[in-house]
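Each residue of the sequence shown is one higher than the one before, counting from 50 in the numbering used here. Structure, as structure tokens:
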Amino acid sequence: MKHDKAVVVFSGGQDSTTCLFWALKNFKEVEAVTFDYGQRHALEIECAKQIAQELNVRHHILNMSLLNQLAPNALTRDDIEIKEGEEGELPSTFVPGRNLVFLSFAGILASQIGAKHIVTGVCETDFSGYPDCRDAFVKSLNVTLNLSMDTSFVIHTPLMWIDKAETWALADQLGAFDFVRQKTLTCYNGIIADGCGECPACKLRLQGMEAYVHSLK
Ligand code: ZN
């Protein structure tokens, strides 16, 4: 196991691309893993591929269509509307256990390629309320993965306690503000960069960017 090698869970969006830059700064060797679970927009995978290629990062794409078979949801099906959760409800984009599954597979990959570190862009601050994106869950899974493989992975969550404005600030500190703004895909309607401006993901991303840019003035 190499102490300076990391696997980044990578979707091609703002958060995970910022994490990829963060990992490239902090680890000598970095590989990325993208999960293909039948996203509404195949463009998401293409976008991730392109970014990995441009940053010269070895990219693993794992077929997770099983997840869609088990839990069809608004991120994979055109006939399910994307809605923010109302009063304690989870949003329609929620897939039960998705992050549990993704991080577990990232762990298996890490063990195969001999990487000690796993980096994920999950965040408690962005109000999505997904339980398997919370800090306590990630710490618990870290222990479970280590027990399951008798290893000593370290899961890193550079975005866990920061908001979208601070995520833009981090990208800027890493010299990646323009790259992240122009090349990543966060929009639920599949529009790259600044997106459609209307969907919940675009609103969150745009508000964060405006707050960050405003804070510089
Ligand atoms: Zn959008």
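C-beta: ideal position from N, C-alpha, C; glycine also.
- In this chain, the alpha helix (DSSP H) harbouring ALA185 covers 184-198.
- When DSSP assignments are scanned along the region 214-248, no uninterrupted stretch of beta strand (DSSP E) that is 3 or more residues long falls wholly within it.
- Judged by DSSP in its simplified three-state form, VAL150 adopts helix.
- THR233 and GLN102 do not touch by the CB rule: their CB atoms are close to 14 Å apart, not below 8 Å.
- Beta-bridge partners assigned by DSSP to ASN112: ASP85.
- Relative to the non-hydrogen atoms of the ligand ZN, the Cβ of GLY244 comes within a distance shorter than 8 Å of at least one.
- For CYS96, the CB stays at least 8 Å from every heavy atom of the ligand ZN.
- Going by C-alpha positions, VAL187 is about 30 Å away from ILE240.
- For GLU247, the shortest C-beta to heavy atom distance toward the ligand ZN is below 8 Å.
- Relative to ARG147, the option among GLN118, VAL56 and THR174 whose CA is nearest is GLN118.
- Taking 9 Å as the cut-off, the beta carbon of ALA214 is found no closer than this to the beta carbon of THR235.
- Taking a cut-off of 8 Å for Cβ pairs, the region 81-90 and the region 208-222 do not touch, as fewer than three such pairs fall below it.
- By the C-beta criterion, the region 241-261 is judged not to be in contact with the region 200-207, since fewer than 3 inter-stretch pairs fall below 8 Å.
- Boundaries of the beta strand (DSSP E) around ILE204: 203-205.
- The beta carbon of LEU190 sits closer than 6 Å to those of LEU152, all from its chain and outside the five residues before and after it, given in chain order.
- In the three-state DSSP reduction, ILE211 falls in the coil class, being neither helix nor strand.
- Cβ-Cβ distances below 7 Å link THR66 to ILE100, VAL229 and THR233 in the same chain, with the five nearest sequence neighbours on each side left out; the list follows chain order.
- The C-alpha of SER197 lies about 13 Å from the C-alpha of ALA155.
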